[in-house]
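Novice: Structure below; questions to follow.
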Amino acid sequence: ILNVEQSPQSLHVQEGDSTNFTCSFPSSNFYALHWYRWETAKSPEALFVMTLNGDEKKKGRISATLNTKEGYSYLYIKGSQPEDSATYLCAFHNQGGKLIFGQGTELSVKP
Amino acid sequence: NAGVTQTPKFQVLKTGQSMTLQCAQDMNHEYMSWYRQDPGMGLRLIHYSVGAGITDQGEVPNGYNVSRSTTEDFPLRLLSAAPSQTSVYFCASSYSLNSHNEQFFGPGTRLTVL
């Protein structure tokens, strides 16, 4: 069983706060680690696909880091805005082709 | 490009009925997959396909069948619907297994089994 865990399950922050969440995944048989943003009543949309240990990726105020040896990735949001409110999913892509998602972190940003 | 399309958007079934959820993509993607989304469970992989004629089981395959006769289409069949299959179903595709490309998701099908 491939175990992908995300923490925290939910997060409530004020506009302007910076925040981060964690995704932990198996450290063996690694192929890639995906991050997705999922707004209510919409479909998940990709943020990052990370492949190499030590990878850091950035898109606007959102960035992510990857540690494949210890099996974790962090997603950071700098200066949260109400439009950042969404569920953030990570997914572990193993070498056999399976993409296994974590339960997600639900972020709520209050104005 | 239409991207990933799913039909129907909503469906209500009675226990024991069968049906097929349709998924199609026009991006020439080799890799396609089906997920179900349940509260507190995230997205769980049902079945996936790395190319036409090739399918494999995901985390929760029981009660579902798939086939991949063309690159474009990846239908999901419920053989005998059960209330436990009430869920939102998402189809997704990406370029290929051996690429580090993102997955593109369809709009979802909300299924209720009474």
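Top to bottom, those sequences are chains A and B. First residue of the first sequence: 54, per this note's numbering; consecutive thereafter. First residue of the second sequence: 2, per this note's numbering; consecutive thereafter. Virtual Cβ for every residue (Gly too), placed ideally from N, Cα, C.
(1) Along chain A, which residues have their Cβ under 8 Å away from the Cβ of G107 of chain B?
(2) Give, in chain order, every unbroken run of the beta strand (DSSP E) that is at least 3 residues long and sits entirely within the region 9-50 of chain B.
(3) Counting only C-beta atoms, is L77 of chain B closer than 8 Å to chain A at any point?
(4) Taking only beta-carbon positions, decide if G150 of chain A is within less than 8 Å of chain B.
(5) State the beta-bridge partners of V57 of chain A as determined by DSSP.
(6) Look at the Cβ atom of N2 of chain B, then the Cβ atom of M42 of chain B, and state whether they are nearer than 8 Å.
(7) Kindly list the residues whose CB is nearer than 6 Å to the CB of A144 of chain A, restricted to its own chain and excluding five residues on each side of it in sequence; keep chain order.
(8) In the DSSP assignment, find the beta strand (DSSP E) that holds A94 of chain A and state where it starts and stops.
(9) Measure the alpha-carbon distance for E103 of chain B versus S116 of chain A and round it to whole angstroms.
(10) Which residues of chain B have a Cβ atom closer than 7 Å to the Cβ of P154 of chain A, listed in chain order?
(11) Closest to F101 of chain A by CA distance: which of B:H101, B:G109, B:L112 is it?
(12) If you draw a straight line from the alpha carbon of T1 of chain B to that of L80 of chain B, how long is it in whole angstroms?
(13) Rounding to the nearest angstrom, what Cα-Cα distance links T110 of chain B and T158 of chain A in this structure?
(14) Leaving aside the five residues before and after Q67 of chain A along the sequence, list all residues of the same chain whose C-beta is less than 6 Å from its C-beta, in chain order.
(15) Taking its Cβ as the centre, do 16 or more other Cβ atoms sit within 10 Å of Q134 of chain A, making it buried, or is it exposed?
(16) Might you give, ordered along the chain, the residues of its own chain that have their beta carbon closer than 8 Å to the beta carbon of K112 of chain A, omitting 5 neighbours on each side?
(17) Listing by chain order, which chain B residues have their CB less than 7 Å from the CB of A85 of chain A?
(18) Who are the near neighbours of K15 of chain B in its chain, counting only those whose CB is closer than 7 Å to its CB and skipping five residues on each side?
(19) Considering only the alpha carbon of each residue, which of A:T121, A:F83, A:Y141, A:S60 lies closest to G150 of chain A?
(20) Measuring CB to CB, does S138 of chain A end up less than 8 Å from L160 of chain A?
(21) Going along chain A in order, which residues have a C-beta closer than 9 Å to the C-beta of P59 of chain B?
Specialist: In brief:
(1) For the purposes of this step, residue 107 of chain B is taken as the residue at position 106 of the second sequence. Within 8 Å Cβ-Cβ: S96.
(2) 11-14, 20-26, 32-39
(3) For this step, residue 77 of chain B is matched to residue 76 along the second sequence. No, L77 of chain B lies away from the interface with chain A (no Cβ there is under 8 Å from its Cβ).
(4) In the first sequence, the residue the question calls residue 150 of chain A occupies position 97. At least one chain B Cβ lies under 8 Å of G150 of chain A.
(5) The residue you call residue 57 of chain A lines up with position 4 of the first sequence. Partner(s): none; V57 of chain A has no beta bridge.
(6) Residue numbering aside, residue 2 of chain B sits at position 1 when the second sequence is read from its first letter. Residue numbering aside, residue 42 of chain B sits at position 41 when the second sequence is read from its first letter. It is not a contact, given that the beta carbons lie outside the stated cut-off.
(7) Taking the first residue of the first sequence as 1, we reach residue 144 of chain A at position 91. Only H87, L152, F154 meet the Cβ criterion.
(8) Within the first sequence, numbered from 1, the residue matching residue 94 of chain A stands at position 41. Here A94 of chain A belongs to no beta strand (DSSP E), and DSSP marks it neither H nor E.
(9) In the second sequence, residue 103 of chain B corresponds to position 102, counting from 1. In the first sequence, residue 116 of chain A corresponds to position 63, counting from 1. C-alpha separation (whole angstroms): 16 Å.
(10) Mapped onto the first sequence, residue 154 of chain A falls at position 101. Checking the displayed sequence, the identity of residue 154 of chain A turns out to be Phe instead of Pro. G43, L44, listed in chain order.
(11) Counted from its first residue, the first sequence places residue 101 of chain A at position 48. Ranking the options by Cα distance to F101 of chain A, first place goes to B:H101.
(12) One cannot answer for residue 1 of chain B here, as it falls past the ends of chain B, which runs 2 to 115.
(13) Counting from 1 along the second sequence, the entry for residue 110 of chain B is found at position 109. Counting from 1 along the first sequence, the entry for residue 158 of chain A is found at position 105. Distance between the alpha carbons of T110 of chain B and T158 of chain A: 23 Å.
(14) The residue you call residue 67 of chain A lines up with position 14 of the first sequence. If we look at Q67 of chain A and ignore the five residues flanking it on each side, its Cβ neighbours are K163.
(15) As a working mapping, residue 134 of chain A is identified with position 81 in the first sequence. Q134 of chain A is exposed by the Cβ-count criterion.
(16) Walking along the first sequence from the start, residue 112 of chain A turns up at place 59. These residues qualify, in order along the chain: L100, F101.
(17) One-based indexing of the first sequence puts residue 85 of chain A at position 32. Per Cβ cutoff of 7 Å: H101.
(18) For the purposes of this step, residue 15 of chain B is identified with residue 14 of the second sequence, where counting begins at 1. So the list reads L115, once near-sequence residues are dropped.
(19) The count along the first sequence starts at 1 and reaches residue 150 of chain A at position 97. The closest CA to that of G150 of chain A, considering only A:T121, A:F83, A:Y141, A:S60, is found on A:F83.
(20) Locating residue 138 of chain A in the first sequence gives position 85, counting from the first residue. Locating residue 160 of chain A in the first sequence gives position 107, counting from the first residue. Result yes, Cβ atoms of S138 of chain A and L160 of chain A sit closer than 8 Å.
(21) Here residue 59 of chain B is taken as the residue at index 58 of the second sequence, counted from 1. The sequence given here places Gly at residue 59 of chain B; Pro does not occur at that position. Listed along chain A, the residues sitting closer than 9 Å to G59 of chain B by beta-carbon distance are K151, L152, I153.
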